[in-house]
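Report on the structure given below.
Residue numbers (our numbering): 355 to 687.
The structure is reproduced here in structure tokens:
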């Protein structure tokens, strides 16, 4: 039986919360663009992940502004920001914190680690050993840290932007599939277009300093409370049954493809739904369209798939195989 045709509901008068999410998008991206040239799609996806309440994996070669985007985005939303450079000798205590002896009080006191922030940049996450990666990823899942027998809650806004280099393998510890599955989005950050690279060179020539975003004029366009309210507003975004079915079918199709050894699990469907609702709200709508889902299916699903040996021998990539899978699923009308 064919699904009923998709027809978006009218935008209700009660859509103020969604319209405010659209205002957040315009204000935040306007501030970020004072520092970042180009990268429009990665920036929109990062903001989408932030509003959806998920963690984000950024993959790109060195020098394509992954760190700059994370710093500028955090500044534009008025969030606290910390960065950890992952290395082979990084220990869990370097992230979470530990007890230290205070000479003045002659007692052990808890020294909180950099994970106690709003936005955390885990730079080159695949350079730290599995034990350290697991400590971070467990905190990402629970949004809490257990230290010295105490359960400490992280910031309500706590979000991890993790980066990795796709071409370096020596001295790295690839994230296992179960840990990759905890990232809402994996965003590929590519090279800028020629005209964008010209603009980058011109801005540096005129004195732009990526380490001084205040001087570049990047300011908070919204508050943390505004962002948390935008997250709450996702409950007002409507998803018609045909679109819900479309999400389910897309995820299920990855499990039956002969080119995929391990398909996406139920969490992938939940993440695709949440990201689609966030994208719709940021674009000023209180309903999700199939186009929202199609725009996000790659960033949400690609990193969760393991290709079959034959597909790998043929030189296929997860993006190639996923594109074929998506083409085989009927789009609601």
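The beta carbon of each residue, even a glycine, is placed where N, CA and C say it ideally should be.
For residue i, count the other beta carbons within 10 Å of its own beta carbon; 16 or more makes it buried, fewer makes it exposed. Which is it?
i	result
residue 673	exposed
residue 573	exposed
residue 513	buried
residue 367	Because the pLDDT of residue 367 is 37, which lies under 50, any placement of that residue in the model is unreliable, and the number read from its coordinates should be weighed accordingly. Answer is exposed; the Cβ neighbour count stays below 16.
residue 478	buried
residue 439	exposed
residue 348	Nothing can be reported for residue 348: it is not among the residues displayed for the chain, which extend from 355 to 687.
residue 671	exposed
residue 675	buried
residue 517	buried
For the alpha helix (DSSP H) that residue i lies in, which residues bound it at each end?
i	result
residue 561	Taken as a continuous stretch (DSSP letters only), residue 561 belongs to no alpha helix (DSSP H), as it is neither H nor E.
residue 458	Unbroken run through residue 458: none, as it is neither H nor E.
Comparing alpha-carbon positions, which option in the options lies nearest residue i?
i	options	result
residue 413	454, 475, 460 and 431	475
residue 601	631, 396 and 535	631
residue 470	376, 578, 459 and 511	511
residue 545	400, 417 and 499	417
residue 679	664, 666, 687 and 656	656
residue 383	516, 552, 437 and 576	576
residue 504	459, 637, 566 and 450	450
Can the beta-carbon of residue i be found closer than 8 Å to that of residue j?
i	j	result
residue 501	residue 654	no
residue 394	residue 434	no
residue 389	residue 426	yes
residue 405	residue 598	no
residue 585	residue 372	no
residue 491	residue 498	no
residue 607	residue 561	no
residue 489	residue 508	no
residue 548	residue 486	no
Residue i by DSSP, collapsed to three states: which one?
i	result
residue 578	helix
residue 649	helix
residue 615	strand
residue 504	strand
Taking the continuous beta strand (DSSP E) assigned at residue i, which residues delimit it?
i	result
residue 409	409-413
residue 590	Run containing residue 590: none; DSSP gives neither H nor E here.
residue 437	435-439
residue 448	Not the beta strand (DSSP E): residue 448 falls in the alpha helix (DSSP H), residues 446-450.
Contact criterion: CB-CB distance below 8 Å. Does residue i meet it with respect to chain C?
i	result
residue 659	Note that chain C does not occur in the displayed structure, where there is just one protein chain.
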